[in-house]
Structures are given as structure tokens and as C-alpha cells.
Amino acid sequence: MLHGIRFFCAIGILLAACSDPSPATDAAVDASVDPADEGTTDGGAPPLPALLSETSLFAAGVDGPYAAGVLTYSVRHPLWTDGAEKQRHLRLPPGGTIDTSEPDHWAFPEGTRVYKEFLVDGVPVETRLLWKTGPTVDDWVYVSYRYRPDGSDADPVPDGEADVRGTTHDVPDQAGCFDCHRGGGDFVLGIGALQLDRVTFDRWVGEGVLPPEAPWEEPPGDETERAALGYLHGNCGHCHGEVHPLARMRQMRLRLPVGLADADAAPARTTTVGQGAQHLIEGTDTLVVAGEPDRSQVYVRMGLRDILQMPTRGTEEVDDAGRAAVAAWILAGP
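Counting from 1, position 266 in the sequence shown corresponds to residue 266 in my numbering; the numbering is continuous, with no gaps.
Right, dumping it as C-alpha cells:
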């Protein structure tokens with residue numbers, strides 16, 4: 001009976017988290033499209049390229065040098081994906097600049113493309129493409145490309161695919177992409193004042209990719225606080241923030257606002273410590289109990305890998321290092 005209660009409780013949690021349907025994102029796949037052409041067809045989004053080799057990421061094929069205009073970048077608090085190696089790239093339209101006038105949610109010009117390559121044990125398994133085909137946040141189209149067994153190219157898999165190329169890595173479907181990225185303001189998650197690494201930031205300011213007044217900062221607090229708050233921001237804040245529809249149903253906020261100087265005022269502290277959870281899970285009913293990780297539901301659910309786990313998708317293995325950072329923060333009595 002207890003297992004059944006947990007199951008139905010989990011179903012309720014997942015339905016609440018994913019209650020808003022995604023917009024029409026499965027743009028047609030068409031081998032004839034030139035990704036360098038920013039125009040649309042029939043007044044709608046352009047078709048997504050039919051092969052990874054046609055997305056303008058590489059100069060030719062899928063294993064040569066990157067195309068001219070492709071910018072590589074790094075983030076400070078990467079999303080945990082079971083230890084997969086990731087390489088991140090941005091391509092702006094000619095003369096394009098990132099708009100940082102809203103410090104918490106940078107905006108990207110029409111024609112922007114963002115790529116993320118995934119490798120497991122050095123073997124490419126997928127590359128994700130986000131393509132802004134119009135001026136608004138609703139104009140992003142996206143799909144993941146799964147590498148062929150021989151690695152010669154990669155094909156779009158809008159419905160996702162499990163255990164690609166003989167690994168345990170799962171390629172997300174388009175609905176999964178949307179559910180996380182819709183919490184990112186203008187859809188992109190890793191490019192912002194608290195996520196972009198300093199080397200990339202300085203280079204992009206110098207190259208005109210970012211304006212001179214663009215903000216960049218560290219999470220507030222001491223080393224323990226910065227590690228935990230940064231981890232929660234990068235791994236959880238896109239769903240548990242102000243933009244995602246989940247905010248209408250949950251008070252917990254794990255995204256850090258830009259300009260916050262006091263770690264004690266961080267939403268990850270003020271909305272979790274001593275705050276009741278929505279559900280009783282593994283004997284915990286409080287989001288964070290200061291000094292007691294094992295009684296803190298935020299920490300406990302990070303250690304689960306079943307229907308009650310957090311994050312709910314994209315991982316089958318516990319992030320021991322990230323969980324340890326959160327435990328240290330809780331033990332310090334936030």
C-alpha cells in the first residue's frame with residue numbers, strides 16, 4: 001500500500017509540474033533548408049535541418065572544425081547529466097548582440113542558434129539545437145540530433161530516444177526540452193550573469209557579443225554558500241524560478257536574482273528553510289531543516305532515482321558532488 005501511495009503522490013507531482021502544454025515546436029524537418037537563411041516559410045517557423053551536418057555548426061560534416069561565426073562558451077554551474085561531457089556553442093546572426101538590459105533574463109536576436117554537444121566516454125551521442133526563428137520567445141524551435149552508429153552524421157529525434165549508441169544516455173523529446181527551457185526567460189539557460197564563466201564573458205564583451213555594461217557576478221556568501229546556491233541556480237532554478245509555470249503552484253524559488261549581495265536573502269534560503277513541503281516523501285515534510293540534510297526534502301530527493309527524484313528528468317545517476325555541496329550548506333545552518 002505504501003508503494004501505491006508513493007506512486008499516486010508522484011503522479012500528482014509530475015502532473016502539476018508539467019500541466020502546461022508545450023506550443024507547436026515540432027517544426028517540419030526538411031533537408032533542403034539552409035540554416036543560414038533566417039527567413040520563414042508560409043508565415044511560420046522554418047523547417048528544422050534534416051541532419052546535424054546541415055545546422056551550420058560545423059564547416060563540413062560533423063567531425064571537422066566548427067563553422068565560421070560559431071562561438072564556444074563555458075558555464076560555471078553546469079547541469080548534471082550523469083557525467084556526460086558537454087561542449088556548448090552559440091551562433092548569432094551577423095552583427096547580432098545579446099541584450100542584457102534585463103539582468104536576470106538576457107535576450108537573443110532573431111536568428112540565434114545555440115548548440116550543446118554530448119559525449120559519453122569520448123563518444124558523441126547527441127547534439128541539441130535551439131534556433132530563434134523570430135523576434136519573440138515563442139519563436140524558438142528546437143530538436144536533438146542523435147548520432148548514427150557509425151558517427152557519420154546525426155538525425156533529429158523529436159520524440160527522443162533512450163540508451164543511444166549503446167550507452168545509458170537518453171536523448172530528450174521536444175516536450176522535455178520545452179519543459180525546462182521555458183523557465184529561462186528567452187529560452188536559453190546557460191548564458192547569463194551568474195552562469196557564463198569569466199573567460200567567456202570577457203572575450204564576448206571584447207568581441208561585441210555582449211555590451212560593455214553587461215552584468216557578471218558570483219553567487220553571494222562564503223565558499224560553502226556560493227557552491228550550493230550556484231548549484232541550485234544552475235540545476236534547479238529554471239523550473240523553480242519566477243518564470244516557469246510551476247511558480248504558480250510552488251513557493252520554492254532556487255534561481256538567484258542578479259544583484260543579490262546577502263546570501264541570507266537568497267530565495268533558495270528564504271523559501272525553503274523551515275518551509276513545509278507539498279508532500280511527505282521518504283519521511284520528510286520540510287524543504288530544508290537547518291543543520292539536518294537527512295530531514296531536508298530538497299536534499300533527500302536529490303538522492304533518489306525513481307519517480308520522486310529531483311531533477312525529474314535527464315538523469316539516472318545521483319550527482320554525489322552536487323548533493324554534497326547542498327548538504328554542506330544545510331549543515332552550516334542556512
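We treat Cβ as the ideally placed atom computed from N, Cα and C, and that holds for glycine.
If you draw a straight line from the Cα of Thr-127 to the Cα of Gly-234, it comes to about 20 Å. Excluding the 5 residues flanking it on each side, Thr-224 has same chain C-beta neighbours closer than 7 Å at Ala-328, Trp-329, Ala-332, in chain order.
The beta carbon of Tyr-231 sits closer than 7 Å to those of His-77, Gly-322, Ala-325, Val-326, all from its chain and outside the five residues before and after it, given in chain order. Taking 8 Å as the cut-off, the beta carbon of Ala-290 is found no closer than this to the beta carbon of Leu-229. Apart from sequence neighbours up to five positions away, the residues of its chain that approach Ala-67 with a beta-carbon distance below 7 Å are Ser-56, Leu-57, Phe-58, Ala-59, ordered along the chain. Here Thr-315 is not near Asp-121, since their CB atoms are 8 Å or more apart.
With a threshold of 16 other beta carbon atoms within 10 Å, Met-302 meets it and is buried.
Taking C-beta separations shorter than 8 Å and ignoring five residues to either side along the sequence, the partners of Asp-197 in its chain run Tyr-73, Ser-74, Val-75, Arg-76, following chain order. For Ala-268, the closest C-alpha among the options Glu-282, His-240, Gly-259 is that of His-240. Taking C-beta atoms as the reference points, Pro-334 and Val-298 fail to come closer than 8 Å. In the three-state scheme derived from DSSP, where H, G and I count as helix and E and B as strand, Glu-292 is classed as coil. Taking a contact to require three or more Cβ pairs closer than 8 Å, the region 162 to 173 and the region 187 to 196 do not qualify as touching. With a cut-off of 8 Å on Cβ pairs, the region 134 to 142 is in contact with the region 173 to 189, counting three or more such pairs. In this structure, DSSP gives Glu-126 an extended state, which the three-state scheme calls strand.
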